[in-house]
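For what it's worth, our numbering labels the leading residue of the sequence shown as 491, then goes sequentially. Below is one structure, written out as structure tokens; the observations come after it.
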Amino acid sequence: MTRLKRTCYICGTKGEVTKDHIPPRRFYPQDIQNKYQLITVSCCKKCHEQFSEDDHYLRTVLNALTDETVNHPVAIENRESIKRALEKPELASFCAEIAKSMVRVWRQSKGGIWIRRYRLMLDYPKLYNLFSRYVRGLFHRERDHKKVMDSDVHFALLVPDDYGRERRETIYQHLGFMLEYDPVVKHGDVFEYRSLYFNDNITHPHSAWQFRFYDAHDFFVLVYSNEYKGPDGQLN
Ligand SMILES: [Zn+2]
């Protein structure tokens, strides 16, 4: 792995750092990896080793979430390698957790017929950690690998696809405008993200982030600064 004299985007350590991919490299099949310049951020070895299971989690749940993903050509291609990874003995407890989060729910088909389907309930604390990390990494990258996001920021993770039409509509009503902007990065219809920084005089929220996977799943993240400044510029 390339070693760069840069700052770790998580702990701020300078010097001996390695590269972390956002989203993880194994999220992409080989031909996509060759086609696009994947996003890398500088990360120390210690921090790098902590997150492998969370990345597995996202890759696995995204692949199983909805019919769009189930039928997406890249998702289908990824499925074999996900299956192989899940067969590893060290991931046995991880698999058991995923299995436990499958629940049977009633869903209405497009034709209006109610059917019972398996539904994966998302692990929000895990997603929260994961997207906090992605946002920190991308912020670091957008600042030329020099600035680490303040550790006192607060994140609000919004997952519109999962819970109810009403909530989904509310999220899109408030943050859907972001989709009108060009993505900062777009890797085909597999991954894209957008970021938007708000005027520093009104730093609440500080920035907004949108991630889209497989052209179907949007995740929005709001980042609040710990120091709330009102419109008059005074700290509250
Ligand atoms: Zn670190």
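For glycine and all other residues, C-beta sits at the position ideal for the given N, C-alpha and C.
Report the partner residues of residue i according to the DSSP bridge assignment.
i	result
R594	Y608
D640	D640 pairs with nothing; no bridge assigned.
Y714	H644
H443	Only positions 491 to 726 of the chain appear in this structure, which leaves residue 443 out of reach.
A698	L686, L712
V681	The sequence given here has Phe at residue 681, not Val. Per DSSP, H677, F703.
V531	D510
R496	G505
Out of curiosity, what's the CA-to-CA distance linking residue i and residue j?
i	j	result
R574	N568	10 Å
Q520	K636	30 Å
R655	R496	44 Å
I661	V713	15 Å
F645	V711	7 Å
V625	Q598	35 Å
D679	I566	13 Å
Y614	V560	21 Å
L728	I522	There is no way to answer for residue 728, as the model of the chain reaches only from 491 to 726.
K600	M611	22 Å
K616	D544	7 Å
V531	R516	15 Å
D634	H511	15 Å
F629	K535	19 Å
S591	C585	10 Å
E570	N553	11 Å
A706	S641	31 Å
G505	A698	30 Å
L665	I529	24 Å
V638	E539	19 Å
Y608	L647	24 Å
P514	T503	21 Å
W604	W596	6 Å
P695	V643	10 Å
Using 7 Å as the cut-off, classify the Cβ of residue i as near or not near the heavy atoms of ligand 1, replying yes or no.
i	result
K525	no
I500	yes
K504	no
K636	no
C537	yes
C585	no
Would you mind giving the Cβ-Cβ distance between residue i and residue j, rounded to the nearest angstrom? I have them listed as a contact below 8 Å.
i	j	result
C501	V507	Not really, about 10 Å apart at Cβ, beyond 8 Å.
Y683	Q700	6 Å
V649	F703	The Cβ separation is near 11 Å, so there is no contact.
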